[in-house]
Structures are given as C-alpha cells and as structure tokens.
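Data first, discussion second: the structure below is written as structure tokens.
Protein chains: 2
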Amino acid sequence: MQEILSYIDKNKDRYESELKEFLSIPSISTAPENVADVRRCAAWVRDELKRIGMKQAQIFETAGHPVVYAEHMEAGGNAQTVLFYGHYDVQPVDPLHLWDAPPFEPTVRGENIYARGSADDKGQVFLNLKALEAHLKLNGTLPVNVKVMIEGEEEIGSPNLETFLEEHREFLKCDTVLVSDTPMYGYDTPSLCYGLRGLCYIELEVTGPNRDLHSGSYGGVVVNPINALAHMISKLKDEQGNILIDGFYDKILPEDKRERAELSKLPFDETSYKKDLNVNALVGEAGYSNVERLSMRPTLDVNGIWGGFMGDGAKTVLPSVAHAKISMRLVPDQTPQEIAKLFTKFIEKITPPGVRVKITELHGGPPAVTPIDSAGVRAASRALKQVFGKEPLLTREGGSIPIVEQFKRILHAPTVLMGFTLPDQNAHSPNEKLNLPHFHKGIKTSAIFFAEMAKE
Amino acid sequence: MQEILSYIDKNKDRYESELKEFLSIPSISTAPENVADVRRCAAWVRDELKRIGMKQAQIFETAGHPVVYAEHMEAGGNAQTVLFYGHYDVQPVDPLHLWDAPPFEPTVRGENIYARGSADDKGQVFLNLKALEAHLKLNGTLPVNVKVMIEGEEEIGSPNLETFLEEHREFLKCDTVLVSDTPMYGYDTPSLCYGLRGLCYIELEVTGPNRDLHSGSYGGVVVNPINALAHMISKLKDEQGNILIDGFYDKILPEDKRERAELSKLPFDETSYKKDLNVNALVGEAGYSNVERLSMRPTLDVNGIWGGFMGDGAKTVLPSVAHAKISMRLVPDQTPQEIAKLFTKFIEKITPPGVRVKITELHGGPPAVTPIDSAGVRAASRALKQVFGKEPLLTREGGSIPIVEQFKRILHAPTVLMGFTLPDQNAHSPNEKLNLPHFHKGIKTSAIFFAEMAKE
Numbered sequence: 002m003q004e005i006l007s008y009i010d011k012n013k014d015r016y017e018s019e020l021k022e023f024l025s026i027p028s029i030s031t032a033p034e035n036v037a038d039v040r041r042c043a044a045w046v047r048d049e050l051k052r053i054g055m056k057q058a059q060i061f062e063t064a065g066h067p068v069v070y071a072e073h074m075e076a077g078g079n080a081q082t083v084l085f086y087g088h089y090d091v092q093p094v095d096p097l098h099l100w101d102a103p104p105f106e107p108t109v110r111g112e113n114i115y116a117r118g119s120a121d122d123k124g125q126v127f128l129n130l131k132a133l134e135a136h137l138k139l140n141g142t143l144p145v146n147v148k149v150m151i152e153g154e155e156e157i158g159s160p161n162l163e164t165f166l167e168e169h170r171e172f173l174k175c176d177t178v179l180v181s182d183t184p185m186y187g188y189d190t191p192s193l194c195y196g197l198r199g200l201c202y203i204e205l206e207v208t209g210p211n212r213d214l215h216s217g218s219y220g221g222v223v224v225n226p227i228n229a230l231a232h233m234i235s236k237l238k239d240e241q242g243n244i245l246i247d248g249f250y251d252k253i254l255p256e257d258k259r260e261r262a263e264l265s266k267l268p269f270d271e272t273s274y275k276k277d278l279n280v281n282a283l284v285g286e287a288g289y290s291n292v293e294r295l296s297m298r299p300t301l302d303v304n305g306i307w308g309g310f311m312g313d314g315a316k317t318v319l320p321s322v323a324h325a326k327i328s329m330r331l332v333p334d335q336t337p338q339e340i341a342k343l344f345t346k347f348i349e350k351i352t353p354p355g356v357r358v359k360i361t362e363l364h365g366g367p368p369a370v371t372p373i374d375s376a377g378v379r380a381a382s383r384a385l386k387q388v389f390g391k392e393p394l395l396t397r398e399g400g401s402i403p404i405v406e407q408f409k410r411i412l413h414a415p416t417v418l419m420g421f422t423l424p425d426q427n428a429h430s431p432n433e434k435l436n437l438p439h440f441h442k443g444i445k446t447s448a449i450f451f452a453e454m455a456k457e
Numbered sequence: 002m003q004e005i006l007s008y009i010d011k012n013k014d015r016y017e018s019e020l021k022e023f024l025s026i027p028s029i030s031t032a033p034e035n036v037a038d039v040r041r042c043a044a045w046v047r048d049e050l051k052r053i054g055m056k057q058a059q060i061f062e063t064a065g066h067p068v069v070y071a072e073h074m075e076a077g078g079n080a081q082t083v084l085f086y087g088h089y090d091v092q093p094v095d096p097l098h099l100w101d102a103p104p105f106e107p108t109v110r111g112e113n114i115y116a117r118g119s120a121d122d123k124g125q126v127f128l129n130l131k132a133l134e135a136h137l138k139l140n141g142t143l144p145v146n147v148k149v150m151i152e153g154e155e156e157i158g159s160p161n162l163e164t165f166l167e168e169h170r171e172f173l174k175c176d177t178v179l180v181s182d183t184p185m186y187g188y189d190t191p192s193l194c195y196g197l198r199g200l201c202y203i204e205l206e207v208t209g210p211n212r213d214l215h216s217g218s219y220g221g222v223v224v225n226p227i228n229a230l231a232h233m234i235s236k237l238k239d240e241q242g243n244i245l246i247d248g249f250y251d252k253i254l255p256e257d258k259r260e261r262a263e264l265s266k267l268p269f270d271e272t273s274y275k276k277d278l279n280v281n282a283l284v285g286e287a288g289y290s291n292v293e294r295l296s297m298r299p300t301l302d303v304n305g306i307w308g309g310f311m312g313d314g315a316k317t318v319l320p321s322v323a324h325a326k327i328s329m330r331l332v333p334d335q336t337p338q339e340i341a342k343l344f345t346k347f348i349e350k351i352t353p354p355g356v357r358v359k360i361t362e363l364h365g366g367p368p369a370v371t372p373i374d375s376a377g378v379r380a381a382s383r384a385l386k387q388v389f390g391k392e393p394l395l396t397r398e399g400g401s402i403p404i405v406e407q408f409k410r411i412l413h414a415p416t417v418l419m420g421f422t423l424p425d426q427n428a429h430s431p432n433e434k435l436n437l438p439h440f441h442k443g444i445k446t447s448a449i450f451f452a453e454m455a456k457e
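In the order they appear, the protein sequences are chains A and B. The first sequence begins at 2 in our numbering and counts up by one. The second sequence begins at 2 in our numbering and counts up by one.
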C-alpha cells in the first residue's frame, strides 16, 4: 500500500492538470445549448476510464444524456464487487457575474481549485478514478471487483437512471455502492454519511371567488384565498417546528440511542451558524438537538408562495387564487406516498368554508439509511482514519439523493457516502471550489478503501 | 328639460364612439411605462372640456400625474357651485390572459361596453361631461356654477391631490362636490352612497436567512420566512373574520340604530351572491349582516403574497425573503395613521424569533360619511327618481375614495356620490364593463341633477 501512496504523491501535479481538462467541459445537463458539451464530457470520461486501465469502457444511451460505464472484474468470484457511482454533469452557472473567474476555466487560488463541477461532482469522481489508476498502474489489477457508472443527469433529478438500473439489474449487480457526492463535516473532521432524508413535495392551490374582486366592495364577506392559505399553512407546523398533520410522525422508527450518541459527537457551533445566515435564532422541534433536527427528524417548509398583486405599489384586489409549494423531508419509515395521503386528508380537514383546494404531488423520494455495520462503512471508516488520522464521524444528511434508495431497492446494495469536499464548497453557487489537499487525501483514501474492501 | 333629454337620446351613438376614444388610452397611473399615456389622456380630457363648451380648460402639473380643470361660472353669485370630481387614470390590466378582448380596445357585447376604465371611472366621468354638454349646446349656459376637476392618480391613492386642494383652496371653493365613482345597488335599484370606508395599505417584508438555502440541508432549524409570514397573517384576522390587532376596533363610533335600519332595507340575496362568485359560503364578523360587513364594518385582506420558488416544478429552496401586501378598510373614526401604528405594533409583537420584518405604508385614506339631508343628496335623489322611476336607496360603500374626506376637510363641501355602474362591473378585474343603458340614463340623471341643484 505504501508504494501506492508514494505513487499518488508523485503524480500530484499530473492529477491537477488532468482534472482541469475535465472541469473545462461545460457539461450543464439542464441547458439545451450544452447538449453537445454533455456528450463530449461523456466521451472524455469513457476515454479516461480506458486510459487508467478499466475494461469495457463504453457509453450507454438513455432517453436523455448518456451513462458511462466500465469495469474491472479480475479479483475473482469470491471477492467483493464495488459499484462506484458519480455524475459528470454540472449545475448551470448563473448568476455569471458573481464568479471571480470564468466557471469553465479552472483556476487555482490558495488551496482551492475554482470551477463549476469542481466539488459537485467531477472532482470527486476524478479522485476515485485516480485511486483505481494507482492500483492498476502498480499492480496491474484491483483488490476487488469494480464497476464504474458515471451518469449525466444527476443535476436534473436523474430522470432516466431508475430505468437504466432496472434494465441492467443483473449486469450492475454488486455488494456495495460507493458514492463521493457529499461534503465532509469539516476541514479536519472526516465523516461518513449513512442517512439521507426523503422528500414529499406538493403544490397547493386555494381558490376563493371565481374572479379577482375589489377588496373594498367585497371585503368583509368573501373569504380571501390568501388569508385562507395562510391559516392553513399555520396549521401544518406550529411556530416551534412541530408538524401538526394527523399521523405525520406515526411511521417514524423508534429512536436508536446509539445513533443519537453518534450524532451528538458532531460539532455544531450555533453562534457561527447563526452569524453565517444572519439570523437571531434557530428554531426547531422540541426535544432534539440542531444536528438531529437537520438530519434524523422530518421537516416541513413552504418553498414558494404566490397570489394576488405582486407588483410595485398598492392594488386593492381580493384575489381569486393563491398557491403554495410545500415540501416535507422524511425519515425512515415515512414514505412520500403515505405522507402525501396524510397531507391531503389534513388539508381537507382544515380547508375553511368559502374556498376550494387542489393538491398536486410534484415529486418525492423515500428516505434511505445504510447500516452502520455494513462492509462498505467499515472499510471506508478504516481508510479515512488512516489518511486523516481520526475516526470519521457518522453523519446523516438533511437532503435527498434519490438514487441511494434506488440502489437499495433495485440492486439490493447498501451505499457508502464517502465525500471529500468541504461545507463551504459553493456547490450550485458561484465560485464553486474544491480543496486540493482534500482532493489528494481523497485519492489516497479511495485507494485504501478498495484495498480494505478486499479484507471484508 | 324635455328638450335636453331628447337631445341626449338623439346623440346616443355619438356618445358611445367618443367614449371608446377615451377608453382606448391606457392611462395606467401605477405603471412607469404608461407615463406618456397618462399625460396623453389628460390632454384628451382638457380638449374634451373645451369641445363641450367649458371655460378655462387647462392642465395643472403636480408632483405626479396632472390634474385637468375647467369651469363654467355664469349662473351668478347666488347660484350653487358644484365641483364635479372624477379621475381619468385606470388600474393595471393583469392578468391580461383573462380578458376576452384587449383592455384598451373597447368592445360592445350585449348591453355592455368592455374596457379597462369603462366603469372605473372614465365612463362615469364622461357621462357627466355629456350632461354638461347637453345644457351648454341647447342653452349656452348651465343651471348652476360648475367646476370640473379630473385627476390622474386616484388608482394610486391620489398622493398629490391633497396638496392640490390645499394650494387651490379658494379657487376650488364650492357648495357641493359631485362624484360618480360608485356602483348602483342593482340593475333596477337606484341608490345614493353616503358613506365610504377608509383604507390603510401596508407592505410587509419578512426576512429569514441572508440567502436562499437548500431546504434539505437547512430545513429543521432555520425559520422559513414564508411559514413565519403565514403564521403572522393568521394572527391578524381569525377565520370568522374578526380582526385581532390590539386596539383595532377602539375608535369605531357607536352604532347608529337609524343607520342600521336604513341599511337593513337594502336587498341582499346571499344565494345569488354566492352563485355569482362560485363560493360555497360567505364568512364575516359575528353580529353583523352581510350588508353591514360590506360597508359599515372594517375588514382586513391580503391583497398579494409572494416568496421563494414560483415557477413550474419543484425547487427545494428555503427562501430568504417573503412579502405580503395587506390592506385594511376603515370606518369612522378610525384613521389610517393610527391603524398603521397599531398594525406595526402588533406585527412587532407577533414576529417570531429567527426572522426580521420591514413594514412599508403604501397608501391610506380616512373613511367619510356625508349628511343624508344635504342639498346635493336631495337634488340627486330627485334626479334619480325621475330617470329610474324609484326613490334611491341610501347605501354605504365598502371601498374608499379618500378625497371625499379631503373635500370635507379642506373645501368644507359635502360630497354626493351618484354612481351609475352595476355591482358586476369587474372594476379592477379582467373584463371591466359599463352597462350602456345605465350610461345613457346616467347622462340624463346628471343633466337633471344640475337643473335640480338650481332649485336648492
């Protein structure tokens, strides 16, 4: 292993210049004008997989952007099989004027490389490929069987990946999925994410009178749909953060004391957190810490609201319709389907006389939690400890990565979320960056991870 | 008088084609892009006043849109002086897609002419000008002294009119003010409005975190400004229609039994009212009839709300800011100044931790009630009876015409509110319309009104 780590140290500069090439391709999956760039990026990844010595490197067409696949299956039938998943597509770059340097001209400043995709997810895809390369260059083979699947639609919600997994279910068979698409907990705080919240996202339309009315002439007897919507929203969650929808908490698994103990190890500096956001208070569900409220507890947020007159000045309208987009983050064993039903039933119960409601389910995904004692989590923990010198903290993420649930459901494989970026990486924002010392440590950690997987 | 009425009948078609010209000018006072149109409309009114034979027709500049003035003062020093007030500006037209025909291309369908401003207030301004024209064309003079003042900022709250009245206090001196900017009670129910609600219109901005956040990563501890705004709105008025702002009702005058008896004569068909608006219930303040809730009692309505993601689909944002426009209708002796203070104090009291609020007073006007036994009310009652064949009902309007209070306070003149549109006129809404038979009856009524004023 020492030989591999030395090799990685020696090739530091080459890794950076190759990464710049990868980052310079504007593979924005949502932008029609970048379709050719996305395809060019897929070809670049395929060629890179060939260069590092992976086999069967090829592009699979989908109904949208292609999936790149390669494998190296020479570790034998008894060895573990790891499927490494990542994505080569990136978020749009607007607002462009807030970038200090062009987003597709990777620039190194201080410890960081700045470019769209540097953190999310090209940099993290690339460091795993460099780990595989180190094994292959020095040993001609890998410690375990490895499949690599890099998609091009993660930033638009992976609309074709579930079908791809189902169609290639046998072919993608594996024991563990490795994903590097989450940040570490802090600069000197290696962490492994083992849980993700699910999502139930709903649009609510409240209709009062059949047309916009003059608020002077009708106000006083006609129920205003905005006022009604505000009353309804105020009944969904109280001001302390407790969700009031009947049955909402019923399916949540009993609390795991060991898990709460693990989460309590995570540092959370409330003062600097509030300062960063410029808020005078944090408010959440009673009986839980901030870390728990952000990860192992469900939430409800209004993501958007609109109705009536939104222009400058004063228009005295009593509007016909008001809208809200409302989403709930879910934890095991809540399901988006069941939560949508409870939400609908509750809304029907609290809809006041004088208005009608229409509920549209926009999208959802179940929560996913990987067992702490799975092979992948154990191997990744050992690898992180060797490189960062500390036992990694076990974290749960507040957001959703729907494919983690799909890997579990379709491939029956648990997912290890081993990420190397930092919380201030500006993913999805201007000046996205990747910390280069962490990038190099990530290559080493990944190389050790594959070796440790051979011991499982 | 018969000669004048015949003349009005004969000129029916001409009136309609001239009105169309007036209605085709998009004089939207709140829209910066229509400033030139508003000015063009003022010039049109000035030229029309010249055409019909009024004297001194001219445009007065203000800090905003101009006021058009003309007069005809040949009835002598002992005759009554009537100041006719109206406005040539109109409301915005959005949502444009709900209009059956372009709002500034007046279209006749059935008994109605459809256009923005047809009812509020160009059509009603125009019918009074046609009444003056009939007198002037046939008699070369008017039965009383008449001043005409048509402003261009009524729909944005007449911000410069009070100054104008104060500066020209002597010059605008009169015995009675005539305003035609209210609807009649029903198609066959002539009415005279003697009371108007006041208005206090406020914009509320609620700020949570200093930037839009990912609702998955931050949801659970960061207070969502939309949820907070909904909670605050739900505390302003309960679902029964009672306003909960501390001290809100304190300054309301004790109820007048005679007035409640008058109002109880007004027909109100709840079934057809609900059917017209397609609502399953009317809801309002306990202890008051629907007519009272619509006129002699105050209200609170959210006129607009916006924040977060309002596009198609699902964006999981925990937004930084949410906004609402909230207005309150006032009755004597509430004042907009005092109500704005109470509102601000109450909002400060109910602002939850984790968000900050900013309150902007957009516009306001005090309520106003005119004595039932004034000369103008008597003359108008006789005129309405002659044309519509019935004694007019005495009503109070739910809307606000702040200048009525200013006429009383600055010019010491009572205002007669003699309106000819119908309750389904869609003022401030798409497909605003004016009933043409009422428009013609209105011209006759106005002509008789000026003659009857000579008898007072």
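Glycine included, every Cβ here is placed at the ideal spot set by N, Cα and C.
Please state whether the Cβ-Cβ distance between residue i and residue j is less than 8 Å.
| i | j | result |
| --- | --- | --- |
| Ile-327 of chain A | Asn-291 of chain A | no |
| Pro-431 of chain B | Pro-184 of chain B | no |
| Met-233 of chain B | Thr-345 of chain B | no |
| His-73 of chain A | Leu-143 of chain A | yes |
| Glu-433 of chain B | Ala-120 of chain B | yes |
| Leu-331 of chain A | Pro-368 of chain A | yes |
| Gly-153 of chain B | Pro-67 of chain B | yes |
| Lys-359 of chain A | Ile-9 of chain A | no |
| Tyr-115 of chain A | Ala-102 of chain A | yes |
| Thr-300 of chain A | Met-329 of chain A | yes |
| Ile-53 of chain B | Leu-139 of chain B | no |
Note down the Cα distance separating residue i from residue j, rounded to an integer number of angstroms.
| i | j | result |
| --- | --- | --- |
| Ala-428 of chain A | Cys-42 of chain A | 19 Å |
| Thr-31 of chain A | Tyr-70 of chain A | 22 Å |
| Leu-214 of chain B | Val-180 of chain A | 23 Å |
| Lys-386 of chain A | Ala-325 of chain B | 52 Å |
| Ala-336 of chain A | Gly-366 of chain A | One point to set straight first is that residue 336 of chain A is Thr, not Ala, in the sequence displayed. Cα-Cα distance, rounded: 8 Å. |
| Ala-58 of chain A | Glu-171 of chain A | 18 Å |
| Ser-216 of chain B | Glu-349 of chain B | 26 Å |
| Leu-133 of chain B | Asn-279 of chain B | 41 Å |
| Leu-437 of chain A | Tyr-186 of chain A | 16 Å |
| Glu-488 of chain A | Lys-123 of chain A | Only positions 2 to 457 of chain A appear in this structure, which leaves residue 488 of chain A out of reach. |
| Arg-397 of chain B | Thr-208 of chain A | 28 Å |
| Ala-80 of chain A | Ala-452 of chain A | 11 Å |
| Phe-85 of chain A | Val-178 of chain A | 6 Å |
| Tyr-188 of chain B | Tyr-219 of chain A | 18 Å |
Taking C-beta pairs closer than 8 Å, name the residues in chain B that residue i reaches, listed in chain order.
| i | result |
| --- | --- |
| Trp-100 of chain A | Those do not exist, as Trp-100 of chain A stays about 16 Å from chain B at its closest Cβ, beyond 8 Å. |
| Leu-295 of chain A | Ser-218, Tyr-219, Gly-220, Gly-221 and Val-222 |
Can you pull the chain A neighbours of residue i, defined as C-beta to C-beta under 8 Å?
| i | result |
| --- | --- |
| Arg-298 of chain B | Gly-221 |
| Asn-279 of chain B | Pro-210 and Asn-211 |
Could you list which residues in chain B have their beta carbon closer than 7 Å to that of residue i, in chain order?
| i | result |
| --- | --- |
| Ser-235 of chain A | Ala-231, His-232 and Ser-235 |
| Met-311 of chain A | Gly-305 and Trp-307 |
So residue i contacts chain A; which residues on that side make the cut at Cβ distance below 7 Å?
| i | result |
| --- | --- |
| Val-318 of chain B | Asn-304 |
Could you list which residues in chain A have their beta carbon closer than 9 Å to that of residue i, in chain order?
| i | result |
| --- | --- |
| Val-284 of chain B | Val-222, Val-223, Val-224, Pro-353, Pro-354 and Gly-355 |
Point to revise | Uninterrupted beta strand (DSSP E) stretches inside the stretch 109-157 of chain A (no shorter than 3 residues) | key: If only complete runs of 3 or more residues are kept, the stretch 109-157 of chain A shows the beta strand (DSSP E) at 113-115 and 146-152, in order along the chain.
Review point. Should the stretch 385-405 of chain A be regarded as contacting the stretch 187-201 of chain A, the criterion being three or more beta carbon pairs within less than 8 Å?
Key: Contact between the stretch 385-405 of chain A and the stretch 187-201 of chain A is present, with at least three C-beta pairs closer than 8 Å.
Review point. Are the stretch 160-180 of chain A and the stretch 264-271 of chain A touching, with three or more C-beta to C-beta distances below 8 Å?
Key: Flag = no, the stretch 160-180 of chain A and the stretch 264-271 of chain A do not touch.
Point to revise | Sufficient close CB pairs (3 or more, under 8 Å) joining the stretch 144-156 of chain B to the stretch 20-27 of chain B | key: With the cut-off at 8 Å, the stretch 144-156 of chain B and the stretch 20-27 of chain B do not touch.
Check your understanding: Is the stretch 242-261 of chain A touching the stretch 354-362 of chain A in the sense that three or more CB pairs, one from each, lie closer than 8 Å?
Key -> As far as the Cβ criterion goes, the stretch 354-362 of chain A does not touch the stretch 242-261 of chain A, which means the pair count is below three.
Check your understanding: Just checking, does the stretch 369-385 of chain B make contact with the stretch 412-420 of chain B on the three C-beta pairs under 8 Å criterion?
Key -> Contact between the stretch 369-385 of chain B and the stretch 412-420 of chain B is present, because at least three Cβ pairs lie under 8 Å.
Exercise for review: Just list the beta strand (DSSP E) runs in the stretch 43-104 of chain B, keeping only unbroken ones of 3 residues or longer that don't cross its boundaries, in chain order.
Suggested key: Counting whole runs of 3 or more residues, the stretch 43-104 of chain B contains the beta strand (DSSP E) stretches 56-61, 68-73 and 82-88.
Point to revise | beta strand (DSSP E) segments (min. 3 residues) lying fully within the stretch 167-239 of chain A | key: Counting whole runs of 3 or more residues, the stretch 167-239 of chain A contains the beta strand (DSSP E) stretches 177-180, 192-197 and 199-208.
Check your understanding: So, do the stretch 312-324 of chain A and the stretch 224-238 of chain A have three or more beta carbon pairs nearer to each other than 8 Å?
Key -> Yes, they touch.
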